[in-house]
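Student:
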Amino acid sequence: MNYVIKVAKTVDEAVSEALKELNITRDEAKIEVIEEASKGFLGLIGTKDATVKVSKVTDTKDLLAEIFNEKLESEKSQNKAQEVSDKFENNSKISATESKKTNEEVDDLSIYDITEEFMSKIMKTLDIKYSLNIKKEKNILSVEILGNEQELGIVIGKRGVTLDAIQYILSLMINKNSSEYIRVVVDSSGYRKKREHTLQDLARKMAAKALRTSRAIRLEPMNPQERKIIHEALQDYDGVFTHSEGKDPYRRVVIQKEREY
Numbered sequence: 001m002n003y004v005i006k007v008a009k010t011v012d013e014a015v016s017e018a019l020k021e022l023n024i025t026r027d028e029a030k031i032e033v034i035e036e037a038s039k040g041f042l043g044l045i046g047t048k049d050a051t052v053k054v055s056k057v058t059d060t061k062d063l064l065a066e067i068f069n070e071k072l073e074s075e076k077s078q079n080k081a082q083e084v085s086d087k088f089e090n091n092s093k094i095s096a097t098e099s100k101k102t103n104e105e106v107d108d109l110s111i112y113d114i115t116e117e118f119m120s121k122i123m124k125t126l127d128i129k130y131s132l133n134i135k136k137e138k139n140i141l142s143v144e145i146l147g148n149e150q151e152l153g154i155v156i157g158k159r160g161v162t163l164d165a166i167q168y169i170l171s172l173m174i175n176k177n178s179s180e181y182i183r184v185v186v187d188s189s190g191y192r193k194k195r196e197h198t199l200q201d202l203a204r205k206m207a208a209k210a211l212r213t214s215r216a217i218r219l220e221p222m223n224p225q226e227r228k229i230i231h232e233a234l235q236d237y238d239g240v241f242t243h244s245e246g247k248d249p250y251r252r253v254v255i256q257k258e259r260e261y
């Protein structure tokens with residue numbers, strides 16, 4: 001269970017009961033006060049207890065460690081990710097990747113089976129009800145996770161880091177035995193489109209600031225896909241240019257005012 005709803009005389013009491021049931025600390029929890037406690041008329045009539053919803057917050061490393069039963073010591077290491085993929089395949093006994101098709105292209109049916117098996121393992125671990133919309137067009141596999149948006153927040157993670165990790169591991173599994181590269185895109189609740197719009201708005205806002213202050217603006221570290229969105233959003237923006245600096249996973253976009261000659 002990823003969250004509980006508790007009712008008690010005070011918010012603190014309700015939170016304490018929830019933390020105890022989830023067996024987590026306050027630092028590991030997301031707390032939502034659904035209703036504050038109230039004493040009512042003369043402290044007797046209309047008295048209401050406090051109601052809270054406490055959710056367990058799981059970061060990407062915890063999520064993957066729980067699913068694959070091992071720690072990811074280096075998220076940026078492709079070799080380590082490949083080991084995780086192999087471990088998952090062995091545990092799940094995915095016949096498609098253990099068949100005689102080792103050197104042949106993975107057919108569409110196998111791709112769908114691998115995707116459904118992989119997502120089932122994750123969502124079962126998280127105890128979340130869901131459905132999948134899987135589409136393959138040419139060399140692009142799109143996987144949309146459908147369900148309750150609040151519950152699916154844990155699948156997305158902070159700024160989409162968990163969703164990116166799921167997408168990366170699934171891509172390794174799909175492409176392992178494929179002679180043709182297949183681009184895998186995993187989304188949930190339309191997050192990627194919303195994030196794209198957010199980044200485009202941010203790019204324009206920071207470009208205006210760079211012009212106004214004549215100072216270079218360094219954005220927060222982003223993955224390659226998000227940096228690309230920033231670059232493309234500003235490629236025709238008059239007066240500024242962009243470039244990236246640093247090394248992954250700390251590589252970031254820098255927005256600068258063009259020099260006047």
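Residue numbering for the sequence shown follows UniProt numbering, starting at 1 and increasing by one per position. Glycine included, every Cβ here is placed at the ideal spot set by N, Cα and C.
1) Report the three-state DSSP secondary structure of K219 (helix, strand or coil).
2) Give the straight-line distance between the Cα atoms of I229 and P221, rounded to the nearest whole angstrom.
3) Please determine, among H243, R259 and E258, the residue with the shortest C-alpha to C-alpha distance to R252.
4) With distances taken from CA atoms, which of Q150, G160 and I122 is nearest T198?
5) Check for me: the alpha helix (DSSP H) holding R259 runs from which residue to which?
6) In the structure shown, what three-state DSSP assignment does I182 receive?
7) So G147 and I128 are in contact, right, with Cβ under 8 Å, and what is the actual spacing, rounded?
8) Return helix, strand or coil for N23, following the three-state DSSP convention.
9) Apart from the five residues just before and just after R227, which ones in its own chain have a Cβ nearer than 8 Å to its Cβ?
10) Report the option in S188, I34, E17 and E180 whose CA atom is closest to the CA atom of L152.
11) Let me know if R192 comes out buried or exposed under the rule of 16 or more other beta-carbons within 10 Å of its beta-carbon.
12) Can you say whether K247 is buried or exposed, counting buried as having 16 or more other CB atoms within 10 angstroms of its CB?
13) Going by C-alpha to C-alpha distance, which of S171, K176 and E196 sits closest to V184?
14) Answer with buried or exposed for T115, where buried requires no fewer than 16 other C-beta atoms within 10 angstroms of its C-beta.
15) Just to confirm before moving on: does the CB-CB distance between Q256 and A233 stay below 8 Å?
16) By the 10 Å Cβ neighbour count, where 16 or more other Cβ atoms means buried, how is V106 classified, buried or exposed?
17) Assuming contact is defined by CB atoms lying nearer than 8 Å, are V54 and V11 in contact in what I supplied?
18) Grouping DSSP H, G and I as helix and E and B as strand, with all else coil, what is A18?
19) Could you spell out where the beta strand (DSSP E) holding E144 opens and where it closes?
20) With the cut-off set at 8 Å, would you say A210 and A203 are in Cβ contact?
21) Which same chain residues end up closer than 7 Å to G239 when comparing Cβ atoms and leaving out the 5 residues on each side of it in sequence?
22) Can you give me the start and stop residues for the alpha helix (DSSP H) that S171 sits inside?
23) So who's on the other strand from F241, going by DSSP bridges?
Tutor: Here's the rundown:
1) Along the sequence shown, read from residue 1 onward, the residue named residue 219 stands at position 219. As written in the sequence, residue 219 is Leu, which differs from the Lys given in the question. Secondary structure at L219: coil, using DSSP grouped into helix, strand and coil.
2) To locate residue 229, count along the sequence shown from 1; it is residue 229. To locate residue 221, count along the sequence shown from 1; it is residue 221. Pairing I229 with P221, the inter-Cα distance amounts to about 13 Å.
3) The residue labelled residue 252 in the question sits at position 252 within the sequence shown. Closest by alpha carbon: H243.
4) Within the sequence shown, numbered from 1, the residue matching residue 198 stands at position 198. When only C-alpha atoms are compared, the closest one is G160.
5) The residue given as residue 259 occupies position 259 in the sequence shown. Neither: R259 is in no alpha helix (DSSP H) and is coded neither H nor E.
6) Taking the first residue of the sequence shown as 1, we reach residue 182 at position 182. Correct three-state label for I182: coil.
7) Looking up residue 147 in the sequence shown gives position 147. Looking up residue 128 in the sequence shown gives position 128. At roughly 6 Å, the Cβ-Cβ gap stays under 8 Å, so G147 and I128 are in contact.
8) Residue mapping note: residue 23 aligns to position 23 of the sequence shown, counting from 1. Reduced to three states, the DSSP call for N23 is coil.
9) Taking the sequence shown and counting its residues from 1, the one referred to as residue 227 is at position 227. If we look at R227 and ignore the five residues flanking it on each side, its Cβ neighbours are S244, R251, R252 and V253.
10) By one-based count along the sequence shown, residue 152 stands at place 152. L152 has its Cα closest to that of S188, out of S188, I34, E17 and E180.
11) Counting from one through the sequence shown, the residue named residue 192 turns up at place 192. Answer is buried; the Cβ neighbour count reaches 16.
12) Taking the first residue of the sequence shown as position 1, residue 247 is located at position 247. K247 should be labelled exposed.
13) The residue labelled residue 184 in the question sits at position 184 within the sequence shown. Distances from the alpha-carbon of V184 to those of S171, K176 and E196 put S171 closest.
14) To locate residue 115, count along the sequence shown from 1; it is residue 115. Burial call: buried.
15) Translated into the one-based positions of the sequence shown, residue 256 becomes position 256. Translated into the one-based positions of the sequence shown, residue 233 becomes position 233. It is not a contact, given that the beta carbons lie outside the stated cut-off.
16) The residue labelled residue 106 in the question sits at position 106 within the sequence shown. Any reading at V106 needs caution, since the residue's pLDDT is 48, under 50, leaving its predicted position unreliable; the model's value is listed next. When all chains shown are included, V106 counts as buried.
17) For this step, residue 54 is matched to residue 54 along the sequence shown. For this step, residue 11 is matched to residue 11 along the sequence shown. Result no, Cβ atoms of V54 and V11 do not sit closer than 8 Å.
18) In the sequence shown, residue 18 corresponds to position 18, counting from 1. A18 falls in the helix class under three-state DSSP.
19) Sequence index remark: in the sequence shown, residue 144 carries index 144 (1-based). Unbroken beta strand (DSSP E) run through E144: I140 to L146.
20) Your numbering for residue 210 matches position 210 in the sequence shown. Your numbering for residue 203 matches position 203 in the sequence shown. No.
21) Along the sequence shown, read from residue 1 onward, the residue named residue 239 stands at position 239. Taking G239 as the centre and dropping the five residues before and after it, the same chain places the C-beta of L211, K257 and E258 closer than 7 Å to its C-beta, in chain order.
22) Here residue 171 corresponds to residue number 171 of the sequence shown, with the count starting at 1. Run containing S171: V161 to N175, per the alpha helix (DSSP H) assignment.
23) Residue numbering aside, residue 241 sits at position 241 when the sequence shown is read from its first letter. Answer is Q256, bridged to F241.
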